[in-house]
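Shown next, in structure tokens, is the structure this report addresses.
Residue numbers (this note's numbering): 43 to 191.
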């Protein structure tokens, strides 16, 4: 009789634990993820429009690295307003362009969180290299205007 009572209590406790664990799993917040969507064609002559279309989702409209998708990144997006400050007061335009082209690896590029824009720009420019370069130049120039003094 004692054995049956013990087994009944043990089964009851196991069922309660199973229910508690299941409810906790159902209410636990999910890990944020970034949904990859097709690239939009922002006007290539506007660095600001391209920034808002391509960069702000991670870097934020203020370029400080706190965009709506930032929490889903493996590494925090770079504060793009501090690039010159971190480079001894000189804006590293060639480095920024190289990052955009995929020729310079950064921590976020290494984790594949940040897209390498050169090939994406090539696809929306239908392979016209001059248009790709113009997009990169205009975006690099716009990011320069965001530098803190």
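Positions of the beta carbon are idealized from the N, C-alpha and C atoms, including for glycine. Quick caveat: nothing in here was measured; it's all calculated off a predicted structure.
Roughly how many whole angstroms lie between the Cα atoms of residue 176 and residue 168?
14 Å
Terminal residues of the continuous alpha helix (DSSP H) containing residue 142?
135–143
Separation of residue 131 from residue 158, as counted between CA atoms:
26 Å
Next on the checklist: With the cut-off set at 8 Å, would you say residue 185 and residue 93 are in Cβ contact?
Outcome noted: yes
query = For the alpha helix (DSSP H) that residue 185 lies in, which residues bound it at each end?
reply = 171–187
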